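Have a look at the structure below before the remarks.
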Amino acid sequence: LKLSPIKTLNGEVTLPGSKSLSNRILLLASLSEGKTKVTNLLDSDDITYMLGALDDLGVKVEKHSDTAVTVTGVGGALPVPASAKKLNLGNAGTAMRPLCAALAYSDIGAEGVVLDGVARMRERPIADLIDGLVQLGADAKLTGEGDVGCPPVLLKKGAGLGGRAEISGKMSSQFLSAMLMASPLAEKPTQIAIKDELISAPYVELTMGLMKKFGPKVEVEGSMDGAPVFKIQPETYVSPKKILVEGDASSASYFLAGAAITGGTVKVIGCGSKSVQGDVAFANYLEEMGATVTWGDDDITVTRDPATKLQGKEFDCLKIPDAAMTLAVVAMFAKGPTTIKNVYSWRLKETERMKAIVAECTKLGAKVEEFRDYCVIHPPEGNKMNENVLIETYDDHRMAMAFSLAACGEKGVPIEINDPKCTAKTFPTYFEMLESVA
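Numbering (the UniProt record's numbering), first residue to last: 1 to 438.
See the structure below:
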């Protein structure tokens, strides 16, 4: 896809539903007593994989439109019919991890059930989650070749589930979120202790907030910034009857950044000051760099006075690793270097994001210093990017969306995005939406 220079971004964008919220809600609705109507559900590949798996497991999901469904919950652990021997979850981490945990509590036949995905999924670590589930009495093991710590996963019926598990919080907060959502299904109380530090803590808070909407409350001992312990009692989830999926804050980052880069004014609708998503904090980072941010309960507006140049800064992105990718592109339009810290998790995502970001920023003319868990981005000379660069996307939706912003601004240049359709993972209409405000 060839993008012409985009001098300014102006307008309003109604955000698609959040990926993180959509798949969590589908799972909790499936485990609940009663029917749940879900609206503003994200229509994307990752959600399609989750819906396909629930269908294979015999959960009844009635589709009203691409973004609205009614889930008839099973009121307990998920059924595993004899026909469901293998679930293919593509590259959807937000389906793989929660289903791994939930199915560990199911009454699975002797042959077990295998959870697998595409080649990249078989490179994405999950051993910490499997180890945590085994500590709680699950019968779960990795069946891949060699000691790679990645799917496929074989699950069989566990015994006496519950008790205490200690897991690392450094790799992915999704492991903890998955265990938390499954723990009310246990036979006895559960404690999950983080033995080091917890990355992406806002996503865990999001998970606990959703669980509460369906009944179960999680008790937290200690600080989320330290090594917290989570306590969960056995309890049946009960449907809240209807639930609206908030707009995706990670997806908002591209449009807000575009406004900051170009000095236009963009309002995103669907998440704001009352958002449960940590990625809304990205707007604060833009403000620190020199943009002007206005918050509503359910919207965020960003603009920049043309007389104010964006300034390079140092940012700790431990809590917002997805939106931090957008920051890497904004850094190329700033005065002075920008340091993006605490993003080791980039290396474990849809692609090896640290290497991908370094490679594409370098192609555009930036100088990037790469370290284990941080990078320093020095913008191109005079903030002028190299023209007609072919941006590799590495089958990673966020690479395509973040690097589309290289075409923005008074010094925006024509670029080409390889495989733009990879945005289907979370935001199939991204480029049409970008065009609507360009």
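We put the CB at the ideal spot given by N, CA and C, even for glycine. Note that the structure is predicted; figures quoted are calculated from it, not measured.
Excluding residues up to 5 positions away in sequence, ASN91, GLU350, THR351, ASP395 lie with their Cβ nearer than 8 Å to the Cβ of ARG120 in the same chain. When the beta-carbon positions are compared, TYR49 and ALA95 come within less than 8 Å of each other. In this structure, GLU314 sits away from LYS335, with a CB-CB distance that is not shorter than 8 Å. Residue pairing from DSSP leaves HIS397 without any beta-bridge partner.
Contact between the stretch 281-290 and the stretch 15-32 is absent: fewer than 3 CB-CB pairs across the two stretches fall below 8 Å. The C-beta distance from ASP248 to GLY58 rounds to 29 Å, too long to meet the 8 Å contact threshold. Pairwise C-beta distances place the stretch 356-369 in contact with the stretch 325-333, as three or more of them are shorter than 8 Å. Judged by beta-carbon spacing, PHE230 lies beyond the 8 Å limit of ILE199, meaning their Cβ atoms are not closer than that value. When VAL13, LEU3, LYS2 are compared, the shortest CA-CA separation from PHE255 is found for VAL13. By the criterion of a C-beta distance shorter than 8 Å, TYR374 is surrounded in its chain by THR339, ILE340, LYS341, ASN342, VAL343, once the five residues flanking it on both sides are discounted. Between LYS156 and GLY112, the C-beta spacing is below 8 Å. By the neighbour-count definition (other C-beta atoms within 10 Å, threshold 16), ALA182 is a buried residue. Assignment of THR70 by DSSP, reduced to helix, strand and coil, places it in the strand class. For VAL245, the closest alpha carbon among the candidates LYS7, SER20, LEU434 is that of SER20.
Close CB contacts of GLY296 within its chain, under the 8 Å cut and outside five residues either way in sequence, are with GLY272, SER273 (chain order). Its chain contains ALA323, ALA324, LEU327, ILE340, LYS341, ASN342, VAL343 as the residues whose beta carbon lies nearer than 8 Å to that of CYS317, once the 5 sequence neighbours on both sides are disregarded; these appear in chain order. The Cβ-Cβ distance between ARG97 and ALA186 does not fall below 8 Å. The beta carbon of THR39 lies closer than 6 Å to those of ALA68, LEU244 in the same chain, with the five residues before and after it left out. Collapsing the DSSP output to three states places PHE371 in coil. Around the beta carbon of VAL220, a 10 Å sphere encloses fewer than 16 other beta carbons of the protein chains shown; the residue is thus reported as exposed. Between ALA127 and VAL134, the beta carbon gap of about 10 Å keeps them out of contact (Cβ cut-off 8 Å). DSSP assignment within the stretch 173-200 yields the following whole alpha helix (DSSP H) runs of 4 residues or more, N-terminal first: 173-182.
Residue pairing by DSSP places GLU33 opposite VAL238 in a beta bridge.
DSSP, read as helix, strand or coil, puts ALA260 in helix. If you draw a 10 Å sphere on the C-beta of ASP147, you find fewer than 16 other C-beta atoms in it, and that means exposed. The continuous alpha helix (DSSP H) containing LYS363 extends over residues 353-363. Comparing alpha-carbon positions, the option among PRO202, MET208, MET171 lying closest to ASP196 turns out to be MET171. Sixteen is the threshold: since fewer than 16 other Cβ atoms of the shown chains lie within 10 Å of the Cβ of GLU410, the residue is exposed. CA-CA distance, PHE214 to ILE415, rounds to 46 Å. In the DSSP assignment, ARG122 falls outside any alpha helix (DSSP H) and carries neither an H nor an E. Within the same chain, and ignoring the five residues on either side of GLU123 in sequence, the residues whose Cβ sits closer than 8 Å to its Cβ are VAL148, CYS150. When secondary structure is reduced to three states using DSSP, ALA165 falls in the strand class.
Setting aside the 5 residues that flank it on each side, THR207 is surrounded in the same chain by ARG24, SER177, LEU180, MET181, each with a C-beta closer than 7 Å to its C-beta; the list follows chain order.
Scanning its chain for C-beta atoms nearer than 6 Å, with the 5 sequence neighbours on each side dropped, one finds around ILE6 the residues ALA407, CYS408, GLY412, ALA438, in chain order.
By a beta-carbon distance limit of 8 Å, GLY264 contacts THR8. Their separation comes to about 4 Å.
For SER436, there is no enclosing beta strand (DSSP E); the enclosing alpha helix (DSSP H) covers residues 430-437.
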